[in-house]
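What follows is a single structure, written as structure tokens, with notes after it.
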Amino acid sequence: MKAIKLCFIVLLSIILLHSFDFVRSEAPNEFTLEEQDEPTTSTSTGLSILEETRVKLLSEEFIILEMEFFDLQLKNLLGSEFWLDLHKMEHYKDIIRAILKYWKHFSDPNHKIHQENVVRFYVSNQKEMRKDLLSDYSRYRESSAAMVTKFVKNVTKYSCYRMKNTLVLFYLIFSSEPEYLVSAFLLYLLICSFRELAFSSFSTSFVKVMKNEDQLGSKMIVLGGSLVSRLIFSIQRVCFQYNKVQYPISAENQMIRNPINTQTFILEEFGLQFCLSLLELAANEEVIIDFKYLLLFFGSRMELAAEVLLAFDILKEAIRLATYLTEAISLLLNDNNAFQTIVTKIMDLYGINIWDIKKRFNECILVKEKYPVLNGIVSTTDYQKKARKRSRSRTEKSKISLRSKYSFF
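Here the sequence shown stands for residues -25 to -1, 1 to 384, where the numbers follow mature numbering (1 follows the signal peptide of the UniProt record, and there is no 0).
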């Protein structure tokens, strides 16, 4: 009996094994050698997997580029050899130049750039890449109230130590309203650099400002003016928890002195980065830039909020002495007398002597000499020529005075 059972079990096993082998031979092989290797080309765009990855790695950089191309009008600078070298983007030159050309011919659907594989991949994946950066990103134009609501909703994602990333998020929210973009970024800069809020997270400081604890909201309005007050009042309208907060401006608030914390960075390091940023502006060849947008420009190049505000104010003071932007840059690089005037003004605003920012300017000048596009930065400015004329005029007047006083001479 046992022998019969054993034979039956063996026979059943043979049948089952044969059936399994038959089914396996009919089913497609899931692990063929060809399919183990990743496909080298995307069927939709013609790009290799490696090239697609290279494009996606630039998702954050594309946002900054878009802002600088359309809002800051840095079209002559972006994609140039100087810009590529300075930002270490030579490896991505083909991608960046293709996207810049696509933006240039965006309104001409018949232009051949629209057929480039890189451009096709970028266009078809743009929304996905942006949602990876900001989950509630919308490509459709939103109302001001909706944008401000989204700004508050994402407040925990903003960091004082990841300024470029935060600027990208602001642009994804406010790209259709540049005024709100500047307002949001200025409020961010003030919160992140204000002495009384040092070492606090942005989200914690933001709540204190909106609740006007220790008059922080009032102080932000004094420092940021109408740009900041507009955003704060817009937030009040969409956030019920803040809508009854008052922001009185006292005489004491208006007398704030040296509110920006400048102890967090080294002046020499800041000076080199500031100088290189000035070269970028000069390389753009006198395209007129709305001055407040320079906050966004420095925001994508500096490391800390206080550095952005300091760079902005130094350049602002230089422009007051000059006729146009390139001359202001030349003054900062070449004219010690003009720079001393600026040093005095910044001392009054920030309580620091910025003379040391010029210690590494020589390194910056060496960079300038490598690129013909920077030849527009002259060593002698109109301001200096006028100053010399004024000096000669005063000398002549002095001689005339002496002659009239001492006629026997």
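Glycine included, C-beta positions come from ideal geometry on N, C-alpha and C.
Bear in mind that the values here come from a model prediction, so they are computed numbers and not experimental data.
Nonlocal neighbours in the same chain, by C-beta distance under 7 angstroms from residue i, ignoring five residues either side
{"i": "R276", "result": "Q248, S252"}
{"i": "L59", "result": "E65, K68"}
{"i": "N259", "result": "L49, N51, L52"}
{"i": "R205", "result": "S158"}
{"i": "R116", "result": "S151"}
{"i": "D288", "result": "I321, L324"}
{"i": "K343", "result": "L254, L349, I352"}
Separation of residue j from residue i, as counted between CA atoms
{"i": "Y325", "j": "S168", "result": "12 angstroms"}
{"i": "L147", "j": "I317", "result": "35 angstroms"}
{"i": "T28", "j": "E35", "result": "13 angstroms"}
{"i": "D331", "j": "L290", "result": "16 angstroms"}
{"i": "L165", "j": "I352", "result": "32 angstroms"}
{"i": "V184", "j": "A280", "result": "17 angstroms"}
{"i": "M138", "j": "L109", "result": "15 angstroms"}
{"i": "I207", "j": "F181", "result": "10 angstroms"}
{"i": "G192", "j": "Y222", "result": "6 angstroms"}
{"i": "T319", "j": "Y136", "result": "29 angstroms"}
{"i": "T124", "j": "Q216", "result": "13 angstroms"}
{"i": "E9", "j": "S23", "result": "Note that E9 scores 32 on pLDDT, short of 50, meaning its location in the model is unreliable; the coordinates nonetheless yield the value given after this. Taking the straight line joining both Cα atoms gives about 16 angstroms."}
{"i": "K63", "j": "N218", "result": "46 angstroms"}
{"i": "H80", "j": "F174", "result": "46 angstroms"}
{"i": "residue 448", "j": "T301", "result": "In this structure the chain extends from -25 to 384, so residue 448 is not present and cannot be described."}
{"i": "R(-2)", "j": "L25", "result": "Note that R(-2) scores a pLDDT of 38, beneath 50, so its modelled location is shaky and nothing firm can be said."}
{"i": "V30", "j": "K87", "result": "20 angstroms"}
{"i": "Y97", "j": "S209", "result": "34 angstroms"}
{"i": "C339", "j": "C250", "result": "6 angstroms"}
{"i": "P84", "j": "W78", "result": "11 angstroms"}
{"i": "E5", "j": "L172", "result": "Note that E5 scores 37 on pLDDT, short of 50, meaning its location in the model is unreliable; the coordinates nonetheless yield the value given after this. Approximately 59 angstroms between the Cα atoms of the pair."}
{"i": "P153", "j": "S118", "result": "13 angstroms"}
{"i": "residue 389", "j": "N309", "result": "A question about residue 389 goes unanswered here, because the residues of the chain that appear run from -25 up to 384."}
{"i": "L242", "j": "A226", "result": "32 angstroms"}
Limits of the alpha helix (DSSP H) - the one that residue i falls within
{"i": "S204", "result": "191 to 213"}
{"i": "V318", "result": "311 to 325"}
{"i": "M185", "result": "177 to 185"}
{"i": "G54", "result": "Neither: G54 is in no alpha helix (DSSP H) and is coded neither H nor E."}
{"i": "L271", "result": "269 to 274"}
{"i": "F336", "result": "336 to 345"}
{"i": "R116", "result": "Here R116 belongs to no alpha helix (DSSP H), and DSSP marks it neither H nor E."}
{"i": "R95", "result": "92 to 108"}
{"i": "Q229", "result": "226 to 229"}
{"i": "M138", "result": "138 to 149"}
{"i": "D288", "result": "280 to 296"}
Other residues of its chain near residue i: CB distance less than 8 angstroms, five sequence neighbours each side excluded
{"i": "V157", "result": "L202, K267, Y268, L270, L271"}
{"i": "F149", "result": "M122, F126, Y155, L156, A159"}
{"i": "E244", "result": "R335"}
{"i": "R105", "result": "S34, I38, Y112, R114, L147"}
{"i": "residue 453", "result": "No information on residue 453 is available, as it lies outside the stretch -25 to 384 that the chain covers here."}
{"i": "D107", "result": "S34"}
{"i": "L40", "result": "L53, I71, I74, L75"}
Under 8 angstroms between C-beta atoms of residue i and residue j
{"i": "L341", "j": "L254", "result": "no"}
{"i": "G274", "j": "L142", "result": "yes"}
{"i": "T237", "j": "I327", "result": "yes"}
{"i": "L144", "j": "M195", "result": "no"}
{"i": "I235", "j": "V197", "result": "no"}
{"i": "N100", "j": "G21", "result": "no"}
{"i": "L47", "j": "I304", "result": "no"}
{"i": "N129", "j": "Q190", "result": "no"}
{"i": "L284", "j": "A293", "result": "no"}
{"i": "F57", "j": "Y299", "result": "no"}
{"i": "K333", "j": "G200", "result": "no"}
Assigned secondary structure, residue i (DSSP; H/G/I helix, E/B strand, else coil)
{"i": "F45", "result": "helix"}
{"i": "S158", "result": "helix"}
{"i": "F249", "result": "helix"}
{"i": "S23", "result": "strand"}
{"i": "F240", "result": "coil"}
{"i": "F81", "result": "coil"}
{"i": "F174", "result": "coil"}
{"i": "I264", "result": "coil"}
{"i": "I235", "result": "strand"}
Own chain residues within Cβ distance below 6 angstroms of residue i, not counting five before or after
{"i": "A120", "result": "V213"}
{"i": "M42", "result": "Y146"}
{"i": "R95", "result": "T20"}
{"i": "I329", "result": "V318, I321"}
{"i": "Q211", "result": "Y217, N218"}
Near the ligand FAD: residue i beta-carbon under 7 angstroms from a heavy atom
{"i": "S225", "result": "The model on display carries no ligand, and the ligand FAD is accordingly not part of it."}
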